[in-house]
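Below is one structure, written out as C-alpha cells; the observations come after it.
Protein chains: 2
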Amino acid sequence: MPAKPARQRLTEAAFELFEERGYDQTTVDDITERAGVGRTTFFRAFRSKEEVIFPDHEVLLGSIESRLDGADPRTALVAVTEAARLVLRHYVAEGELALARYRLTRSVPALRAREIAGTQQYQRLFREFVHRWLGGGPDTALRAELLAAAVVTAHNHVLRRWLRGQAPDPETEFDAAMADTVALFAAREDEPGTTVVAFRTGKDLSAVLPGLRRLLGDEGALG
Amino acid sequence: MPAKPARQRLTEAAFELFEERGYDQTTVDDITERAGVGRTTFFRAFRSKEEVIFPDHEVLLGSIESRLDGADPRTALVAVTEAARLVLRHYVAEGELALARYRLTRSVPALRAREIAGTQQYQRLFREFVHRWLGGGPDTALRAELLAAAVVTAHNHVLRRWLRGQAPDPETEFDAAMADTVALFAAREDEPGTTVVAFRTGKDLSAVLPGLRRLLGDEGALG
DNA sequence: CACTTATACGGTACTCAGTACCAGACGGTA
DNA sequence: TACCGTCTGGTACTGAGTACCGTATAAGTG
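Heads up: the protein sequence lines correspond to chains A and B, in order.
Heads up, our numbering is the position in the first sequence plus 305, with the first residue counted as 1.
Heads up, our numbering is the position in the second sequence plus 305, with the first residue counted as 1.
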C-alpha cells in the first residue's frame, strides 16, 4: 500500500514521461508502469489519456459555479470577474505544472482542442449567469454571450501572458484587463452619460464597491 | 469506376449511418462498406473519423484568409465582418447537411470539442488581422483579441439561432448583431465624442461606406 | 471474533481508430 | 511494349478505451 494515492502518482508519472518523450510517444502502459499500478487503475482515475493533463478541471468548474450561485445580483459583474480570477489563481498556484501543460497543449493539437473545449465550459457558466442577470429575455441573449466571451478572452489573454513569462504580476494585469473589458460594455449602457467605469483596485473589489456606489448615486452601470 | 468520387460517397454514407445509428455506434468499416470502398481509401480522404463531419473546413479557412489578405486597411472592420458573413453563408448554403452536423455536435462531446477548436481557428485569423490593423503593438493585443472573439461570438450566435430554426433570415440578423457588436468597440474609441456607429444595411456595406465617411468628415471610428 | 459488504486494485480479452507497408489496376507517354 | 505516377484495396500492427472477472483489504455488524 503506497503512501501517495494512485491518482496523484499517475499524474506525476504522466507529466514526467510526456516531458521526456512527448505525448504521442508515451503510452498508457508506460505511465502505469512508472506509477507502479495496473492499467485498469488508470482508466478508473481518468476517463481518457487526455484527461491526465487536466486533472482538476471538474473541481474548478464546480468552484466557479458555487461562486456564481452565491452571488448578489447587485454585484453580478463583480461576481463574474471574481470567478474568472478564481481560475487565474488556480493556474498560477499550480506553477510548474501549469507551465508543463502549456507546453503540451501548444504542441499537441488534440490537447489544444481539449483545453479550448474546457474554457468553453467556463464561458457557458458565465453566459448563463449573465443572461439570468439581464433578465433572461431573447433580446439580451447576444449581449450575455458577448460579455461572457469577453471576460473569458481577457482572462485567457492574461493567463497566456503569464504562461509565456511575460506577466510577472498576473493579478494586477488581470485587474487592468478586466476593467478595460467591462468598461466596453458599461460605456454603452447609458448612451449620453458616458460613465466610464474603471476599477483597478488590488483584491477586495466587493469591499470597495459600496463606497463607489454611494459616490455615483447608485446609478453606476457596474452591477 | 463509380460516377461519384470516393470522398463524396464516403461523406454521404457517413452522415446516413450517423443519423441511423449514432456516431459512436458507427464504425469506419460500416462507412466504407456502405460507400463501397476500401478502408484505406477512407483514411486517405479524411485524416480521422471526426473529420468526415467537417469536410470542407480547410477550404473555408482558406477563403477567409484570402478575403482578409485582399482587404483595404481603411475597411478593416468591414473586412472582418464580411469574412464572418462568408462562414455564415457557407453553412446556410449547406442546408440539411449543416443541420445534421449540428445534431451530431450537440450529442457527441468529442465532435463538439472538434467544432469549437475549428471556430477558434477562424478567431485566430481574425485576431491576427485586427492586430495587424491596430499596429501590432503589445498594447493593442488584448483589444484585437476581444474584437475577434466578439465577432466570432456574434456570428455563432446568429448561426446557432438559424440551426435551431429560430432565424428565418439569418443574414439580416447577422447585420444587426454585427452592428451591435462593432458598436461596442467603436463607442469607446473617442471617449467624449460618443459617436455611436450603427450600420444596419442589407448587403453591400462596402458600397455604403464611402458615403458614410463623407458624412462624418472622415473621422468615423469604423475602420 | 466470525461474517458480510463495500471499495479499490490487477489481469485478461475484446473492439475499434489510426498507421505502415505492400500489391494490383489504370491512364498516359515514349 | 515498357515505364511511370496515381488511385485503390488488402494485411498486419500499435494503442486507446471498455467489459468482465477475481481478489485483497478495510470497515461495519452480529
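We put the CB at the ideal spot given by N, CA and C, even for glycine.
Spatial distance of residue i from residue j (CA atoms)
i: B:PHE479; j: B:GLY440; result: 28 Å
i: A:ALA484; j: B:TRP438; result: 23 Å
i: A:GLN313; j: B:GLN428; result: 36 Å
i: B:LEU430; j: B:GLY327; result: 33 Å
i: A:ARG394; j: B:VAL364; result: 39 Å
i: A:ASP335; j: A:LEU322; result: 8 Å
i: B:PRO360; j: B:ASP444; result: 38 Å
i: A:GLN330; j: B:ASP329; result: 26 Å
i: A:ALA384; j: A:ASP374; result: 9 Å
i: B:PHE347; j: B:GLY442; result: 45 Å
i: B:ARG277; j: A:LYS309; result: Absent from the model: residue 277 of chain B. The displayed extent of chain B is 306 to 528, so no value can be given.
i: B:ALA403; j: A:ALA398; result: 42 Å
i: A:GLN471; j: B:GLU387; result: 34 Å
i: A:VAL392; j: A:VAL457; result: 10 Å
i: B:PRO473; j: B:GLY400; result: 12 Å
i: B:SER412; j: B:GLU324; result: 12 Å
i: B:HIS436; j: A:TYR396; result: 27 Å
i: A:GLN426; j: B:LEU409; result: 18 Å
i: A:HIS362; j: B:ASN461; result: 25 Å
i: A:ARG465; j: A:PRO414; result: 17 Å
i: B:THR337; j: A:THR337; result: 36 Å
i: A:LEU382; j: B:LEU382; result: 28 Å
Cβ-Cβ distance between residue i and residue j below 8 Å
i: A:ALA318; j: A:ARG339; result: yes
i: A:ALA459; j: A:ALA482; result: yes
i: B:VAL463; j: B:PRO475; result: yes
i: A:LEU468; j: A:TYR407; result: yes
i: B:VAL342; j: B:ALA311; result: yes
i: B:LEU489; j: A:PHE490; result: yes
i: B:ILE358; j: B:LEU447; result: no
i: B:PHE320; j: B:ALA405; result: yes
Cβ-based burial, residue i [other Cβ within 10 Å; buried from 16]
i: B:GLY516; result: With a pLDDT of 38 at B:GLY516, under the threshold of 50, the modelled position of this residue cannot be trusted; read the value that follows with caution. Exposed, because fewer than 16 other Cβ atoms sit within 10 Å of the Cβ of B:GLY516.
i: B:GLY507; result: Any reading at B:GLY507 is ruled out, since the residue's pLDDT is 36, under 50, leaving its predicted position unreliable.
i: A:THR477; result: exposed
i: A:ALA503; result: Any answer about A:ALA503 is weak, because its pLDDT of 30 lies below 50 and its placement is not dependable; what the coordinates show is given next. Under this definition A:ALA503 is an exposed residue.
i: B:ARG344; result: exposed
i: A:ARG349; result: exposed
i: B:VAL501; result: The predicted model places B:VAL501 with a pLDDT of 33, which falls under 50 and marks its position as unreliable, so this point remains unresolved.
i: A:GLY498; result: Unreliable positioning characterises A:GLY498 in this predicted model, as indicated by a pLDDT of 38, which lies under 50. The coordinate reading is nonetheless provided below. Looking at its Cβ environment, which holds fewer than 16 other Cβ atoms inside 10 Å, A:GLY498 is exposed.
Residue i Cβ short of 7 Å to the ligand SAH heavy atom set
i: B:PRO378; result: Among the components modelled here there is no ligand, and therefore nothing to report on the ligand SAH.
(message) Taking 8 Å as the cut-off, does the segment 358-375 of chain B touch the segment 450-465 of chain B (at least 3 CB pairs, one atom from each stretch)?
(response) No, the segment 450-465 of chain B is not in contact with the segment 358-375 of chain B.
(request) Give a yes or no on contact between the segment 419-432 of chain A and the segment 416-432 of chain B, applying the rule of three or more CB pairs nearer than 8 Å. (result) Segments in contact, yes.
(request) Kindly confirm or deny that the segment 372-385 of chain A and the segment 344-362 of chain A touch, where touching means at least three C-beta pairs closer than 8 Å. (result) No, the segment 372-385 of chain A is not in contact with the segment 344-362 of chain A.
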